[in-house]
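The structure appears below as structure tokens.
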Amino acid sequence: GAGSGEPESKGMADARQKQAELDYTKNLKARRGLVRSRITRLIFISNLAGLMVLLIGVTALNEMRAGLVSSRTQDLFSQAEIFVNLLDKEATIGEPEPSLNPEDAREVIASLRLPYRVQAKVLSQTGEVVADSVILSERVDISALDPVGLLSGELNLMERLTDYPIEFMRRFLPEPTVFEGFSENFEEEFSLALSGSYAASQRVSERDQRVISVSMPIQHVSAVVGVLTLEANDVEQIVRAERHALIPFMQIALFVVGISSILLTLWIARPLRHLAFAADQVRAGQAPKLELPRLVKRKDEIGQLAHAVESMTDKLFERITANERFASDVAHELKNPLTSIRSAIETAERVKDDAEATRALRALMADDVQRIDRLITDISNASRLEAEIARSKLKQLDISRLARDIVSAYETLDMRDIKVVLSVKTADTPLYIRGHDMQIGQVFRNLIDNACSFSSDAGTVTVSVEAQRDKDQGWVRICVEDEGPGIPEDKLDEIFERFYTDRPPAAYVENNSGLGLSIVQQIITLHGGEVRAENRAEGGARFIVDLPLS
């Protein structure tokens, strides 16, 4: 037999609800697997690359500074050892007890040719300064004078640019140990030297200069008679050299950050802007749907987003097109009975004296009104069917029991002596599916009504239910067979289109809206099943519905 209607998404393989569950599971796995995300890796790597370059540079320079300071300290110890031996020979006496001769100590210190940035001091056992090379030589300290002019401004700017990252990174790096005997302050350094040990420290001098200081005991025989201290105030030069050495690392870090920013712009910001522009075009009506082939081919989240948005606009476009076609078909189908009613009214006015003709016209109008009512009911059911299925919860149904209840209802109806019989091949085993009883019941009724409309008087419509199983999935198969003229081979797919009403002259057409089979296919598709039609070898048509078992 022939029926009617095409669902909104022809050939849909799975139900929308199952697809939504699969999409939700996929998105949940994607959120849990951020480590596997390409964009996440790109963002983290690009942002950490510049920081790692700077961290490596600061770490390397920290060690280099430690090496420089340690080397400078060893040089001072070597010089101090020579000066201590000289002081032991020239400025100490042994009788009546070992002691230091201040005058001789000053002569020895004054005779030393020390660099401008090195200062020698001789201290007594009580900590009093006996000799100071700066005072004895009367030299001018030139280290405090800064460069002038443009060069000074450039150096100050460079120092400020390098100071901040160095000091910031050093907060997270341990200060290197450059010498085992380093002390926290000069008092501790002096105490260690007075006890006969070598001592060193880094500190700020009385003139507010960062200095490296070493102290050695001045001994006569085995008695400590004083302490020699050498201070080098060229630590600032070491720090400045360290800052300048950091400049290449900073340049590389800035270069990496710049490249990463460009890549993030090209790979993330620009595609998202392009996607937003394309979506605005669709919203403004300048394009019917979204088409982003280059973005869809990407294998990251941008590609997934573009594919999702493109699929969404495709579905919306299909739905809008289907609604427009549906509205046009509805207008066309309503126009036919309305035209018939209008013609009957006009004819009734001309033959109002003919009672028999008037009764015939009234009967015709009543049939047309009933047809309009059936058409509006079917249109309403078809338009809200998908929304009702999406809102309501699936429940477990015994399909064989539902089939018995529906077939038994046809025994009490006046069906032109047509018999509706049921054959359940697995009668002892319940066949459960997950679905909506109202919609599945409508499938049975629409198929049975369609078969009855093509059956001759006193014909038989057979409804059969049986289980089908393959390797992975169980199915329940529902077959509805009639003894009518059958379906033309070229119309086996077309009969499921909306408002298809191409029927042979002998077919029973009472209250046919052309939407019955369309509704059947829509319900079965939304339940994850399939429906098809074929002709029986012995004559008549057979409709086959396959639904997954729960």
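Okay, so the sequence shown: first residue is 12 according to the working numbering, each after it adds one. Even glycine gets a Cβ: it sits at the ideal position worked out from N, Cα and C. Quantities reported herein were computed from a predicted structural model and do not represent experimental measurements.
Does the segment 490-510 come within contact of the segment 467-474, defined as at least 3 CB pairs closer than 8 Å? yes
Exercise. For Ser148 versus Val141, is the C-beta distance shorter than 9 Å?
Worked result: On the sequence shown, position 137 is the one that residue 148 refers to. On the sequence shown, position 130 is the one that residue 141 refers to. With contacts defined by Cβ atoms closer than 9 Å, Ser148 and Val141 do not form a contacting pair.
Exercise for the section: Measure how close the beta-carbons of Ile498 and Cys463 come, nearest whole angstrom, since I'm counting them as under 8 Å. Expected result: One-based indexing of the sequence shown puts residue 498 at position 487. One-based indexing of the sequence shown puts residue 463 at position 452. Going by Cβ atoms, the distance from Ile498 to Cys463 rounds to 15 Å, so no, they are not a contact pair.
Original post:
Cβ of Phe260 versus every heavy atom of the ligand SAM: is any distance shorter than 8 Å?
Top reply: The ligand SAM is not part of the structure shown, which contains no ligands of any sort.
* To do: With DSSP as the reference, label Ser233 as helix, strand or coil.
  => Here residue 233 corresponds to residue number 222 of the sequence shown, with the count starting at 1. Here Ser233 sits in coil by DSSP.
Report task. Kindly indicate if chain C contains any beta-carbon less than 9 Å away from that of Ala264. Result -> Considering every chain present, this structure includes no chain C. It has just one protein chain.
Quiz item: How about Ser411 and Val476: are their beta carbons less than 9 Å apart?
Solution: Residue mapping note: residue 411 aligns to position 400 of the sequence shown, counting from 1. Residue mapping note: residue 476 aligns to position 465 of the sequence shown, counting from 1. The answer is yes: Cβ separation under 9 Å.
* Asked: Of the residues Arg488, Val418 and Phe260, which one's Cα is nearest the Cα of Tyr443?
  -> The sequence position of residue 443 within the sequence shown is 432, counting from 1. Of the candidates Arg488, Val418 and Phe260, the one whose C-alpha sits nearest the C-alpha of Tyr443 is Arg488.
Looking only at its chain, what residues have a beta carbon closer than 7 Å to the beta carbon of Glu549, apart from the 5 residues adjacent to it on each side?
Position 538 of the sequence shown, counted from the start, is the residue given in the question as residue 549. Nothing meets the Cβ criterion.
DSSP state of Asp557, grouped into three classes?
-> Start at 1 with the first residue of the sequence shown, and residue 557 comes out as number 546. Three-state result, Asp557: strand.
#### Entry: Residue interval of the beta strand (DSSP E) (run including Arg214)
Along the sequence shown, one-based indexing puts residue 214 at 203. From DSSP, the beta strand (DSSP E) with Arg214 extends over Ala210 to Val215.
Notebook entry, point to check: Can you tell me whether Glu114 is buried or exposed, with buried defined as 16 or more other CB within 10 angstroms of its CB?
Noted result: Your numbering for residue 114 matches position 103 in the sequence shown. Exposed, because fewer than 16 other Cβ atoms sit within 10 Å of the Cβ of Glu114.
| Could you give the distance in angstroms between the alpha-carbon of Gln28 and the alpha-carbon of Tyr511? | Your numbering for residue 28 matches position 17 in the sequence shown. Your numbering for residue 511 matches position 500 in the sequence shown. Any reading at Gln28 must be qualified, since the residue scores a pLDDT of 49, below 50, and its modelled position is unreliable; no value is offered.
How about His231 and Thr137: are their beta carbons less than 9 Å apart? Indexing the sequence shown from 1 puts residue 231 at position 220. Indexing the sequence shown from 1 puts residue 137 at position 126. Between His231 and Thr137, the gap from beta carbon to beta carbon reaches 9 Å or more.
Cβ-based neighbour list, Leu87, same chain, cut-off 7 Å, excluding 5 preceding and 5 following:
Along the sequence shown, read from residue 1 onward, the residue named residue 87 stands at position 76. So the qualifying residues of the chain are Ile223, Val225, Leu241 and Ala243.
- request: Could you name the residues of the same chain whose beta carbon sits closer than 8 Å to that of Glu108, not counting the 5 residues immediately before and after it, in chain order?
  value: The sequence position of residue 108 within the sequence shown is 97, counting from 1. Excluding the 5 residues flanking it on each side, Glu108 has same chain C-beta neighbours closer than 8 Å at Ala234, in chain order.
Quick one: residues in its chain with C-beta nearer than 6 Å to the C-beta of Ile352, no 5 flanking neighbours on either side, listed in chain order? Within the sequence shown, the letter at position 341 stands for residue 352. For Ile352, where only same-chain residues beyond five positions count, the Cβ hits under 6 Å are Met376 and Asp379.
Q.
Can you find the residues in the same chain that come closer than 8 Å, C-beta to C-beta, to Ala5, ignoring five residues on each side of it along the sequence?
A. What is shown of the chain runs 12 to 561, which leaves residue 5 out entirely.
By the three-class DSSP mapping on this structure, what secondary structure does Gly160 have? Position 149 of the sequence shown, counted from the first residue, corresponds to residue 160. A caution first: Gly160 carries a pLDDT of 44, below 50, which makes its placement in the model unreliable, though a value can still be read off. In this structure, Gly160 counts as helix in the three-state DSSP scheme.
Taking a contact to mean a Cβ-Cβ separation below 9 Å, would you say Pro559 touches Arg445 in this structure? The residue you call residue 559 lines up with position 548 of the sequence shown. The residue you call residue 445 lines up with position 434 of the sequence shown. Cβ atoms of Pro559 and Arg445: closer than 9 Å.
Inset, instruction - Could you tell me the distance, in whole angstroms, from the CA atom of Tyr421 to the CA atom of Leu433? - result: Translated into the one-based positions of the sequence shown, residue 421 becomes position 410. Translated into the one-based positions of the sequence shown, residue 433 becomes position 422. Each residue's Cα considered, the two are about 11 Å apart.
Fill in: Proximity of Leu408 and Leu537 at Cβ, strictly below 9 Å
As a working mapping, residue 408 is identified with position 397 in the sequence shown. As a working mapping, residue 537 is identified with position 526 in the sequence shown. At the C-beta level, Leu408 and Leu537 stay beyond 9 Å of one another.
Taking the alpha carbon of Ala544 as the point to measure from, which residue in Gln130, Cys490 and Asp483 has its own alpha carbon closest?
-> Indexing the sequence shown from 1 puts residue 544 at position 533. Looking at the Cα atoms, Cys490 is the closest of the given residues.
Would you list, in sequence order, the uninterrupted beta strand (DSSP E) runs of no fewer than 3 residues that lie entirely inside the segment 85-159?
129-134 and 140-143
> DSSP beta-bridge partners for Thr240?
Replying inline: Counted from its first residue, the sequence shown places residue 240 at position 229. DSSP, once it has assigned bridges, lists Lys132 and Ser226 as partnering Thr240.
message: Restricting to Cα atoms, I'd like to know which of Ala60, Leu458, Glu541 and Glu500 is closest to Ser272.
response: Numbered from its first residue, the sequence shown carries residue 272 at position 261. When each option's Cα is compared against that of Ser272, the closest is Ala60.
Take Ser322 and list the residues in its own chain whose beta-carbon comes closer than 8 Å to its own, dropping the five residues that flank it on each side.
-> Locating residue 322 in the sequence shown gives position 311, counting from the first residue. Within the same chain, Ser322 has no close Cβ partners at all.
**Asked** Which residues does DSSP pair with Arg445 in a beta bridge?
**Response** Within the sequence shown, numbered from 1, the residue matching residue 445 stands at position 434. Looking at the DSSP assignment, Arg445 forms a beta bridge with Gln407.
- Query: Do Val341 and Val454 have their C-beta atoms within less than 9 Å of each other?
  - Reply: The count along the sequence shown starts at 1 and reaches residue 341 at position 330. The count along the sequence shown starts at 1 and reaches residue 454 at position 443. The Cβ-Cβ distance between Val341 and Val454 does not fall below 9 Å.
- prompt: DSSP three-state call for Glu312: helix, strand or coil?
  reply: Reading the sequence shown from its first residue, position 301 is the one you call residue 312. Note: Glu312 maps to helix in three-state DSSP.
Next item on the list: Could you have a look at Arg353 and say whether DSSP puts it in helix, strand or coil?
Entry: Translated into positions along the sequence shown, residue 353 becomes position 342. DSSP places Arg353 in helix when its eight states are reduced to three.
(request) Whole angstroms is fine: what's the gap from Pro299's alpha carbon to Arg330's? (result) Looking up residue 299 in the sequence shown gives position 288. Looking up residue 330 in the sequence shown gives position 319. The straight-line gap separating the alpha-carbon atoms of Pro299 and Arg330 is approximately 12 Å.
Item to check | Rounded C-alpha distance that separates Glu360 from Leu349 | outcome: To locate residue 360, count along the sequence shown from 1; it is residue 349. To locate residue 349, count along the sequence shown from 1; it is residue 338. Near 17 Å, if we compare the C-alpha coordinates of Leu349 and Glu360.
Whole-angstrom Cβ separation of Ala116 and Leu97, contact assumed at under 8 Å? For the purposes of this step, residue 116 is taken as the residue at position 105 of the sequence shown. For the purposes of this step, residue 97 is taken as the residue at position 86 of the sequence shown. At roughly 10 Å, the Cβ-Cβ gap does not stay under 8 Å, so Ala116 and Leu97 are not in contact.
Quiz item: Would Pro158 be called buried (16 or more neighbouring beta carbons within 10 Å of its own) or exposed?
Solution: The count along the sequence shown starts at 1 and reaches residue 158 at position 147. With a pLDDT of only 47 at Pro158, under the threshold of 50, the placement of this residue in the model should not be trusted; the figure read from the coordinates follows. That one is exposed.
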